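Take a look at the structure set out below.
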Amino acid sequence: MEAIERRAEKGFEVFFRENENVLYKIVKGYVKKEEDAREIVLDSMMIVFERWERVKDMENPIGYLVRVGIHKAKRHLIWKGRSSSRNRQVFLEEYQSVEEIVDGDCTPEEKVLRKEQRGWILKQIGSLKERERNVVVLRDFEEKKFEEISLILKMKLPTVKSLYRRAKIKIAKKWEATYAV
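Whatever position you read off the sequence shown (first residue = 1), add 57 for the numbering used here.
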């Protein structure tokens, strides 16, 4: 019996390590503080761990984890008296370091401009509607396929593609208005 429990715990540990960052990035899109996001991720993982025997056999355990995390993030915002729309501008600052461009032969002015543009894009992604933002984060930052995103977010494939396209068009129009020469 103890050996079975250890195997289940090991299976959960692997699941946790593989999906912790995905959940963190999505939850961070909802809440303002990094420590709040980390706490919600851990709470969500505890819920999934408590139900691991049932969750591990699900067709889409990652989707279940993401839904639990989103639910906990929304409850956190309600508890804190914030609305998710006021927190849209809050986006993952850590993406700025992830998205660093290798500035080998760039002038200092070009480096500053690129950094400003990266920050602008991240701000625009943060201002997208919740569903659009989640799709963009999973597609562009986590490099998930549309089919995987559809399973994770429990949306139909055409809806995922439509949300992604709509988000990209919104950002492109704002880009043209801001940076068009």
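Glycine is no exception: its CB is placed at the ideal position from the N, C-alpha and C atoms. Predicted model only: the values in this text are computed from it and were never measured.
*DSSP state of Gly-68, grouped into three classes?*
helix
query: Cα-Cα, which of Glu-204, Arg-223, Ile-228 and Arg-222 is closest to Gly-120?
result: Glu-204
Note to self: Determine whether the beta carbon atoms of Lys-82 and Glu-187 lie at a separation below 9 Å.
What the structure shows: no
### Query
So what's Val-88 in DSSP terms, helix, strand or just coil?
coil
**Message:** Check whether the region 67 to 87 and the region 99 to 108 are in contact - that is, three or more C-beta pairs closer than 8 Å.
**Reply:** yes
Assigned secondary structure, Arg-171 (DSSP; H/G/I helix, E/B strand, else coil): helix
CA-to-CA distance, Ile-228 to Ser-141, given in whole angstroms: Note that Ser-141 scores a pLDDT of 43, beneath 50, so its modelled location is shaky; the value from the coordinates is reported in the next line. Their Cα atoms are separated by approximately 20 Å.
* Is it the case that the Cβ atoms of Leu-214 and Val-192 are separated by a distance below 9 Å? -> no
Checklist entry - Once you ignore the five residues that flank Ala-94 on each side, which residues in its own chain have a CB closer than 7 Å to its CB? => result Tyr-81, Val-84, Lys-85 and Val-88
Out of Trp-109, Lys-113, Val-98 and Arg-111, which has the shortest C-alpha to C-alpha gap to Lys-129? Val-98
* Where do the N-terminal and C-terminal ends of the alpha helix (DSSP H) with Arg-190 fall, by residue? -> 187 to 193
Pair within 9 Å by beta-carbon distance, Tyr-236 and Gln-181: no
In whole angstroms, what is the alpha-carbon distance linking Ala-224 and Leu-179?
12 Å
Member of Val-112, Glu-110 and Asp-197 whose CA lies at the smallest distance from the CA of Arg-222
Asp-197
**Report entry** Proximity below 9 Å, CB of Leu-195 to CB of Glu-116
**Finding:** no
On a Cα-Cα basis, can you pick out the residue from Lys-90, Leu-122, Arg-132 and Arg-171 that is closest to Phe-69?
Leu-122
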